[in-house]
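Worksheet: one structure, shown below.
Protein chains in written order, with this note's numbering: chain A, 156 to 307; chain B, 2 to 649.
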């Protein structure tokens, strides 16, 4: 079962307005068993192991066990995602450990301005998209009247 | 379950899907909609933050042309794509994306995506067109800009967890879409002046190599279920390149990316005897016309040479990681300190390649105690996928832009609005539009923007809300909900809800489709080979399956979605089989081989193979469309670019 839930850690997101894993799963797999207030993966064979439920879980209750039909047991890959970076711990079957940290974004969450600060245009009939030509870094958008082999 | 509430949503532009193309469309549409007082509605079957093919993240941006630095021209990209697709490409569409894609990449960077830079501040390339990124949150960042654009000024609204079943029509004009919520007991009727389809490609049409739990580990995500193909086919749109499937060669089973190993580590792939099939079988390339001589060698031909070794019993194929790392060690043999630093850097890059986009591969390596410096790792051809944004090409036949036409192309490739299909008011982008391969994540975003601007212009110039026939709508609503009724009405007839003579559940239905495609339409089991008799047999079996799709059964709305996803896959499958049957040649060996017409037939088949299913009669029409160039071609096609490019 690709994603699985540790019942000791899962609190059913009772303190939140929605169940985080159920909200995020791209394939609609994570569901909350309301009787016991614990989440589970309803269809492991349709799980892509995208880790989005693992990353979003506020109590770190979700883990991944590699696909049973081709992955030997004993490994564990665990992310710890913050607002600007992610730390991965890779535990090998033989006990070896590797740890990696990568940046995930360069701006504060929520601040992505649609025009990216580029000057926007107002001609609905032109080929230029609304941030162009500024966002291309060129004086104009390429068109066929220019020589085809020109470095436009 | 009580009868669901029917909710009618009127909007000007309807964006279907929430992936890269949809997010590009949202950002672009919001700007023009605000200027013209229009409303935009986006509908996603999941949560926009992590939906679509980039849900997990990516370790590279595969399309960046580098126009501002003069690194490449628009024509260079068109040449690359046309060659990789064995000559079958709409140059106007590829050029349109190529001239805009850098804009999307520059925006991603402003929004907060970390793109690697060298000491001089230039982007770090993995290959000629590929940029290295720290892409764990690629989709989150792109979705954030889309949401800010739509919700910030009140020009738009977003529906999440609403699954789109199919189109609503007003005569020959697309009038919107019907869908249902998988969270609430609601049916949605979206009525729109223009509809933009960005509903992804198709996975699980063919039987995957893993048939247990590991079935979920498809290379492209399992939630790409053929919804774009279904939507456009059912609206009556002309489709193109439905025969052009894609088969990636990746690390075996977990399908982790091989790009870093080929390009950063300069690793070779060999057969089990150590033979390099790219060298040993070099003469095979001469059989494939001008395309066997281009560099980089088309992806399908690279696949094919490896497949020939496997067929001859020379497998497994290996990525020679130990050899590549030994070579690097030799370069640094006099400087152990520099060697250690370099290796630490490379190790981190190799693992990030997996952790950003195929975490399963990291688990598999850890679970198998893989030490790449000691031992090779297996690579293999995966199963077939439908993905118009990568090295596949399947999608709807859409209009190009007017200013990228020649006198010759204009009558064939242009009908008023860029990226509008042959159905009025129905636009397509990303995996939904065909014959414009190699747009990947960034180009899909750019194409979404192109299509959205075009669709807003359509709305401004055709500013009337299409009408729906209430009787027709009632019929469609009943059809959408039918699997729930079928289940409820029959489940008590047996003691096991899975085994019932009056219905078929979606999982079993999918297995039946996959078996047909695998065995008769050139799947893994058939070594990607098929012929006329097999394809005709596939059509017979698909006809039974189509009849039985009326008996799909769902116990809840999640399963109702699964039912419709599999109907969508079935339509993608039929279009694929019919078009492979129509094209009487083998053009993309390594993707599929026709054993009865095993060679390239450039004289007869250097054309687009298109199809259309008449929505009224259900009859399929097969037709060809000419391939024209928009850029002048040299007399003999000689390789222009010696640099390898490995797409992920």
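Using N, Cα and C, we set each Cβ at its ideal position, and we do this for glycine too.
The beta carbon of residue 278 of chain A sits no closer than 7 Å to any beta carbon of chain B. Contact between the region 295-305 of chain B and the region 90-100 of chain B is absent: fewer than 3 CB-CB pairs across the two stretches fall below 8 Å. Cβ contact annotation for residue 235 of chain B (same chain, cutoff 7 Å, sequence separation greater than five): 167, 168, 616, in chain order.
Within a 10 Å sphere around the beta-carbon of residue 132 of chain B sit 16 or more other beta-carbons, which makes this residue buried. Around residue 217 of chain A, no beta-carbon contact reaches into chain B at under 7 Å, the shortest distance being about 13 Å. DSSP places residue 256 of chain A inside the beta strand (DSSP E), whose first and last residues are 252-258. Considering only beta carbons, the part of the region 343-376 of chain B lying closer than 7 Å to chain A consists of 349, 352, 353, 356, 360, 361, 363, 364, 365, 367, 368, 369, 370, in chain order.
Residue 384 of chain B places its beta carbon less than 7 Å from that of residue 210 of chain B.
Contact annotation, residue 176 of chain A with residue 208 of chain A: C-beta distance approximately 4 Å; criterion of less than 8 Å satisfied. Considering only beta carbons, the part of the region 606-638 of chain B lying closer than 7 Å to chain A consists of 631, 632, 633, in chain order.
Per DSSP, residue 243 of chain A is one residue of the beta strand (DSSP E) stretching across 240-246.
Taking the CA atoms as reference points, residue 435 of chain B sits about 10 Å from residue 420 of chain B. In the DSSP assignment, residue 614 of chain B falls within the unbroken beta strand (DSSP E) covering 608-614. Around the C-beta of residue 2 of chain B, fewer than 16 other C-beta atoms lie within 10 Å, and the residue is accordingly described as exposed. In the structure shown, the three-state DSSP call for residue 13 of chain B is strand. In this model, residue 450 of chain B and residue 30 of chain B are separated by some 7 Å (Cα to Cα). With respect to chain B, the C-beta atom of residue 224 of chain A has a partner C-beta closer than 7 Å. For residue 210 of chain B, the closest Cβ of chain A is not nearer than 7 Å. Contact annotation: residue 299 of chain A and residue 405 of chain B have beta-carbon atoms nearer than 7 Å. Shown here, residue 231 of chain A sits in a strand according to DSSP, grouped into three states.
Looking from the CA of residue 83 of chain B, the closest CA among B:292, B:225, B:152 belongs to B:292. When the five nearest sequence neighbours on each side are left out, the beta carbons in the same chain lying within less than 7 Å of the beta carbon of residue 150 of chain B are those of 27, 28, 31, in order along the chain. Nearest CB-CB separation between residue 569 of chain B and chain A: not below the 7 Å threshold.
Chain A has a Cβ within less than 7 Å of the Cβ of residue 222 of chain B. Here the alpha carbons of residue 80 of chain B and residue 284 of chain A stand approximately 24 Å from one another. For residue 467 of chain B, DSSP records no beta bridge to any residue. DSSP places residue 356 of chain B within a helical segment (H, G or I) once states are collapsed to three. Under the three-state reduction of DSSP output, residue 345 of chain B falls in the helix class. From the listed residues A:210, A:249, A:238, the smallest Cα separation to residue 229 of chain A is found for A:249.
Residue 271 of chain B sits in a strand when the DSSP states are folded into three classes.
When C-alpha distances from residue 540 of chain B are compared across B:266, B:328, B:572, B:43, the shortest belongs to B:572. Scanning its chain for C-beta atoms nearer than 8 Å, with the 5 sequence neighbours on each side dropped, one finds around residue 162 of chain B the residues 45, 46, 47, 48, 182, 183, 184, in chain order. Secondary structure at residue 252 of chain B: strand, using DSSP grouped into helix, strand and coil.
The three-state reading of DSSP puts residue 173 of chain B in coil, since its state is none of H, G, I, E or B.
Put simply, the CB of residue 405 of chain B is near chain A, with a gap under 7 Å to one of its CB atoms. In terms of Cα proximity to residue 554 of chain B, the closest of B:128, B:574, B:508 is B:508.
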